[in-house]
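These notes are about the structure you will find just below.
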Amino acid sequence: VKSKPAIREELPPVEEAVEKSRFGAGWMRFWFTPASPTGLHIVRVLAGLLFLSWLLPQAGYIDELHGLNGWFDRQAFVEAARLPEGALKPMSWSVFYLCGTNTTLIHTVYWASVFVVVLLTLGVATRITAPLTWVVVASFTANPALDHEGDPMMLILAFYLMVGYLLLGLNGAGTSWRHRIFGFGRGPSRSVAANVALRLLQVHVAIVVLTTGFHKLQIGDWWAGMAHWAALYPPFETTVAEIRALQPHAQAMLFFLNVAAYSTLAWELSFPLWAWRPGWWRIVLVGGALVGWIGTAFIYRIPQFGPALFIGCLAFIRGEEWAALGRLLKRLPGVSELALRWGGARQGETNLKRGAVDSLVTVGQR
Amino acid sequence: VFLGSAAIVYHLFTVVTGALTAPSGPWVSMEGPTMRMPPQALVSIHDTAALPYLTPIKMTHNYHFASNRTAVQEAELEFILLDESGKEIKTVRLPEKNASGATRYWQALLARWSTDDQPLPPPPTPKLAAPGENLPEVTFWSPMPGAMNKLEKVTTNINDRRYREGGGMLLQPSALSMLMLRSYARHLARVHGAADVEAVRLHRNVVPQRLPGGQEAFILSEREIPEDLFGEVASYYRSVLK
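Protein sequences appear in the order of chains A and B. Start counting at 1 in the first sequence, then tack on 22, and there's your number in the numbering used here. Start counting at 1 in the second sequence, then tack on 30, and there's your number in the numbering used here.
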C-alpha cells in the first residue's frame, strides 16, 4: 500500500509532457513555419489598389477633407478633445496635423502619399513603402467627421503589410544588401516573416468578423431576420408607391430577408471554425466575403469595408493554394499563351529561364 | 521565438480586450432600453495595458460597427449663409445634388452626424433661481406651433413649460453632432465670406418593418399603406455660429 505513491511519483508525467509539446509544436507550426510569401504579395497588390481607389477620388477636395481649415477644423479638434464623452476616436497623430492650413504642403503630402502607395502596389522598395503606406492610411483616416466602417479594416491591412515587409528577408541567407535595406529585388522563397504577418492578419480578421457577429446578436432585427430591410429601402430614395408595389410579393420578400440575415449571422459566427480549412471551405470563405462586398457596397453603401474584408479573407489562402490556382488558370485558353509571351519578353530582358513567369504580384520579393 | 511569441500574444491580447470593452445593448430594463457598460475589471486592464499601445498604432476600434444597428437614420442638411445685415447670400445643400458620387458619399457621412439625437433626462421639480444667478439651461428639439413636422432647437431654462410638458420624450442634438455642424458652418463662412450660417436638417424615419398600430407583423402584408409613411421632419437649428 505504501509503495503505490512512491511508484506513482517515480513515473514521469507523460500525458502532461505530451500535451505541452503538442501545444508548443502547434504554436510553432502555426506562427513560425517558413511559408511562401505569395499570399502577402497578393494582399499587398489588392490592398494597394484599394488604397488608391480610396485616395484618388479625394484629389479635388484635399483641403476640405484634411486641412485644418476644412470641414473639421482646428477649433473642432480642440472642442472634440474637451467633450465629456471623449472624442469619437483618439486623435493621436496625422501627417496633416503638421501641415496646418498650408494648402501647398497639404497637396504635396497628398500626392506624395499617392506615389508611395503606387510604389508599394508595384512592389518597389517595400521595406520603406510599406511603413510609409501605413502612415498614409493612418493619416487619411484621422478625420473624425469622415469616420466610416472601412477605416479600421484598411488600417488592419496596412499595419500587417508593414509588419510583413519590414521583416521579410531581413535575416534570410542569400538576400542582397539592396533587399535588406530597401526591400528592392529578390527576397526569400519561403519566409517566417511572411507567415507571421499573414497569421496576424488572419487572426485579426477572425476577431473582427466574430465580434461583429456577436454584436449583431444584441439587436432584435437580426434575431427577427429583418436586418437588411432598412438598408434595402433607404428613406430618402424609397417612395410609398414602391412599397405598395412590393405588397404582392410580401411572402417572398420575407423569405429572402430571413435567409439573407441568418446567412450573414451564420457566416460571421462560425467564421473561426472553417476559415483555416482548405478545400471546399475556401468557397464559403471567398464566396461569403464576395457577397459581403457586394452587399456592403451596393446596399449598405460602405465602399471600402467589403473589399478590405475580402482581401483579409484572401490572406487565409496558403501559398500552395495560390500556386494550384495559378496552374489552373494557365489551363484556360489564352492565359498560357499570354504567360509564355510575357515570360518570353522578360527572358529577353533578364535572361530568366523559359517559363519563369513574373507578374505584378511576384515582382519585388518572391 | 520567445520574444516573437510574447509580442504576438501581447498584440492579440490588446486587440481582443479592445473588442470586448464595448458597451452592450440596448437591453430591456425598468428604465426602458438601456446600454450596459463592459466589465469594469476588463476596462481597467484595457485602459492600462492595451490603450497606450493601441492608440499610437490606431487600432482602438472595438469592431461594433454602426451599420449592425439596422435603423441607421439618414438626413440632409441645408445651410443658409447670411451677410452682416442678415441677408441671405447663398444656400448650400449637403449632400449636394449635382456633386460626384465620391463627394456625395463624404457629404452624406458628415450629414449623418446630425441624426445623432440624444434623449433628454426627465425635468426636475421646478426651481427658483438663487439671487443673482440664472436657472440651469437645457437645449432640445421642440415642435413648432401649428406644424406637426417641424422642430426648432430651443435653449431655455429648466422651468420652461415645453420642457416640463415634454416629460422624458424630448430629444436634443448631441454635443458631437453640434460640434460637426458648427465646424462645417465655419468652413462655409470662411469660403463664402458669410457672417452667420443658419442650418436646417431634413430628416426621414427609416421605412418601418411594421406599421405602428398595424394589424400585421410585416408592413408589406398590410392592406393599406398610408401616404405619410416616411414622415419627413424639418428641424431648424437657427443660427449656428452666433
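C-beta atoms are modelled at their ideal positions from N, C-alpha and C, and glycine is treated no differently. Since this is a predicted model, take the numbers as computed values, not measurements.
Close-in-space but distant-in-sequence residues of the same chain around residue i (CB under 6 Å, 5 per side omitted)
| i | result |
| --- | --- |
| tyrosine 267 of chain B | Lys183 and Ala229 |
| leucine 154 of chain A | Val138 |
| serine 25 of chain A | Only weak support is given to the placement of serine 25 of chain A: the predicted model assigns it a pLDDT of 46, under 50, and the value that follows is read from those uncertain coordinates. Excluding positions up to five away in sequence, the list is empty. |
| leucine 200 of chain B | Leu150 and Phe170 |
| glutamine 202 of chain B | Gln148, Leu150, Thr169 and Phe170 |
| phenylalanine 73 of chain A | Val139 |
| glycine 122 of chain A | Leu90 |
| asparagine 92 of chain B | Gly48, Ala49 and Ala52 |
| glutamine 103 of chain B | Thr145 |
| valine 357 of chain A | Leu351 |
| glycine 370 of chain A | Residue placement at glycine 370 of chain A is flagged as unreliable, the pLDDT there being 45, under the threshold of 50; the coordinate-derived value follows with that caveat. Taken in chain order, the list of residues that qualify is empty. |
Contacting residues, own chain, Cβ-Cβ under 7 Å from residue i (five flanking each side not counted)
| i | result |
| --- | --- |
| leucine 84 of chain B | Thr44, Gly48 and Thr90 |
| arginine 212 of chain A | Pro56, Ala57 and Ser58 |
| proline 15 of chain A | Because chain A here runs from 23 to 388, residue 15 of chain A falls outside it and cannot be looked at. |
| valine 73 of chain B | Thr51 |
| serine 269 of chain B | Asp226 and Glu228 |
| glutamate 114 of chain B | Ala225 |
| alanine 32 of chain B | Reading off the sequence shown, one finds phenylalanine at residue 32 of chain B, where the question assumed alanine. No residues qualify anywhere along the chain. |
Range of the contiguous alpha helix (DSSP H) that encloses residue i
| i | result |
| --- | --- |
| glycine 4 of chain A | This structure leaves residue 4 of chain A out entirely; chain A is present only between 23 and 388. |
| alanine 311 of chain A | 303-316 |
| serine 285 of chain A | 272-291 |
| threonine 143 of chain A | 125-144 |
| tyrosine 193 of chain B | 191-196 |
| proline 329 of chain A | 327-336 |
| valine 237 of chain B | Where valine 237 of chain B is concerned, there is no enclosing alpha helix (DSSP H), given that its DSSP letter is neither H nor E. |
| leucine 105 of chain A | Looking at the DSSP string, leucine 105 of chain A is not in any alpha helix (DSSP H), and its letter there is neither H nor E. |
| lysine 238 of chain A | 214-238 |
| leucine 179 of chain A | 172-189 |
Residue from the options whose Cα sits closest to the Cα of residue i
| i | options | result |
| --- | --- | --- |
| aspartate 146 of chain B | B:Pro125, B:Met208, B:Lys88 and B:Val122 | B:Met208 |
| threonine 185 of chain B | B:Tyr193, B:Met178 and B:Ala105 | B:Tyr193 |
| glutamate 126 of chain B | B:Gly176, B:Glu108 and B:Glu252 | B:Glu108 |
| leucine 279 of chain A | B:Met199, B:Lys117, B:Arg220 and B:Leu250 | B:Leu250 |
| tryptophan 93 of chain A | B:Ser97, B:Gly55, B:Ala141 and B:Thr64 | B:Ala141 |
| glutamine 239 of chain B | B:Val31, B:Gly196, B:Phe260 and B:Arg220 | B:Phe260 |
| glutamate 106 of chain B | B:Ser115, B:Lys117 and B:Val122 | B:Val122 |
| aspartate 258 of chain B | A:Asp169, A:Ile265 and A:Ala147 | A:Ile265 |
| glutamate 246 of chain B | A:Thr260, A:Gly46, A:Val100 and A:Gln269 | A:Gln269 |
| glycine 196 of chain B | B:Pro154, B:Gly223, B:Ala36 and B:Leu165 | B:Pro154 |
| methionine 67 of chain B | B:Ser35, B:Ser54 and B:Ala79 | B:Ser54 |
| valine 157 of chain A | A:Leu141, A:Asn124, A:Ser116 and A:Thr148 | A:Ser116 |
| histidine 76 of chain B | B:Glu118, B:Ile38, B:Val46 and B:Gly244 | B:Val46 |
| histidine 170 of chain A | B:Pro256, B:Ser35, B:Pro86 and B:Phe95 | B:Phe95 |
Proximal residues to residue i (C-beta, below 8 Å), its chain only, five neighbours per side dropped
| i | result |
| --- | --- |
| glycine 61 of chain A | Ala216, Leu220, Leu336, Ala337, Ile339, Arg340, Gly341 and Trp344 |
| lysine 180 of chain B | Pro173, Met174, Val263, Ala264, Ser265 and Tyr266 |
| tryptophan 143 of chain B | Leu206, Ser207, Met210 and Leu211 |
| tryptophan 315 of chain A | Gly328, Pro329, Leu331 and Phe332 |
| proline 300 of chain A | Arg340 and Glu343 |
Check: residue i C-beta below 8 Å from any heavy atom of the ligand ZN
| i | result |
| --- | --- |
| alanine 49 of chain B | The ligand ZN is absent from the structure shown, which contains no ligands of any kind. |
Extent of the continuous beta strand (DSSP E) to which residue i belongs
| i | result |
| --- | --- |
| tryptophan 298 of chain A | Neither: tryptophan 298 of chain A is in no beta strand (DSSP E) and is coded neither H nor E. |
| glutamate 231 of chain B | The residue asked about is misnamed: residue 231 of chain B is arginine in this sequence, not glutamate. Taken as a continuous stretch (DSSP letters only), the beta strand (DSSP E) holding arginine 231 of chain B covers 226-234. |
| threonine 78 of chain B | First-last for threonine 78 of chain B: undefined, no H or E at that position. |
| arginine 268 of chain B | 263-269 |
| alanine 105 of chain B | 104-112 |
| threonine 169 of chain B | 167-173 |
| serine 54 of chain B | 54-57 |
| threonine 85 of chain B | Where threonine 85 of chain B is concerned, there is no enclosing beta strand (DSSP E), given that its DSSP letter is neither H nor E. |
| proline 149 of chain B | 147-149 |
| leucine 201 of chain B | 201-203 |
| arginine 66 of chain B | 64-66 |
| glutamate 182 of chain B | 180-187 |
### Chain-ordered residues of the stretch 266-287 of chain A with a beta carbon less than 7 Å from chain B
So the close ones are Arg266, Leu268, Gln269, Ala272, Met275 and Leu276.
### Message
Measuring CB atoms only, is the stretch 187-196 of chain B touching the stretch 155-171 of chain B, in the sense that at least three cross pairs come out at less than 8 Å?
### Response
Yes, the stretch 187-196 of chain B touches the stretch 155-171 of chain B.
### Residues in the stretch 214-248 of chain B having any Cβ partner in chain A nearer than 7 Å
Those residues of the stretch 214-248 of chain B that come within reach of chain A (Cβ to Cβ, closer than 7 Å) are Tyr214, Arg216, His217, Arg220, Arg234, Asn235, Val236, Val237, Gln239 and Phe248.
### Query
Can we say the stretch 324-332 of chain A touches the stretch 167-175 of chain A, given the rule of at least three CB pairs closer than 8 Å?
Yes, the stretch 324-332 of chain A touches the stretch 167-175 of chain A.
### Task
Count the C-beta pairs between the stretch 44-53 of chain A and the stretch 316-323 of chain A that are closer than 8 Å, then say yes if the count reaches three, no if not.
The stretch 44-53 of chain A is not in contact with the stretch 316-323 of chain A.
### Stretch pair the stretch 238-253 of chain A + the stretch 279-288 of chain A: three plus CB contacts closer than 8 Å
The stretch 238-253 of chain A makes contact with the stretch 279-288 of chain A, as at least three CB pairs between them are under 8 Å.
### Message
Can you pull out the residues from the stretch 113-129 of chain A whose beta carbon lies closer than 9 Å to at least one beta carbon of chain B?
### Response
Considering only beta carbons, the part of the stretch 113-129 of chain A lying closer than 9 Å to chain B consists of Ser114 and Trp115, in chain order.
### Query
Just by C-beta distance, which residues in the stretch 77-101 of chain B are closer than 9 Å to chain A?
Per Cβ criterion, the list reads Leu81, Leu84, Thr85, Pro86, Ile87, Lys88, Met89, Thr90, His91, Asn92, Tyr93, His94, Phe95, Ala96, Ser97, Asn98, Arg99, Thr100 and Ala101.
### Query
Quick check: the stretch 121-135 of chain B against the stretch 239-256 of chain B, are there 3 or more CB pairs under 8 Å?
No, because fewer than three Cβ pairs between the stretch 121-135 of chain B and the stretch 239-256 of chain B fall closer than 8 Å, the two stretches do not touch.
#### Entry: the stretch 252-265 of chain A: positions lying closer than 8 Å to chain B by Cβ
Cβ contacts with chain B: Ala252, Ala253, Tyr255, Pro256, Pro257, Phe258, Thr260, Val262 and Ile265.
### Task
Note down, in chain order, all residues in the stretch 106-125 of chain B with a beta-carbon under 8 Å from any beta-carbon belonging to chain A.
Listed by position along the chain: Glu106.
### Query
Is there contact here, the stretch 233-241 of chain A with the stretch 216-225 of chain B, by at least three beta-carbon pairs under 8 Å?
Short answer: they don't touch.
### Task
Check distances from the C-beta atoms of the stretch 185-216 of chain B to those of chain A and list, in chain order, the residues that come in under 9 Å.
Contact annotation: in the stretch 185-216 of chain B, residues whose CB is within less than 9 Å of a CB in chain A are Ser204, Ala205, Leu206, Leu209, Met210, Arg212, Ser213, Tyr214 and Arg216.
### Query
Listed in chain order, which residues of the stretch 33-49 of chain B have Cβ atoms closer than 8 Å to some Cβ of chain A?
So the list reads Gly34, Ser35, Ile38, His41, Leu42, Val45, Val46 and Ala49, given in the order they occur along the chain.
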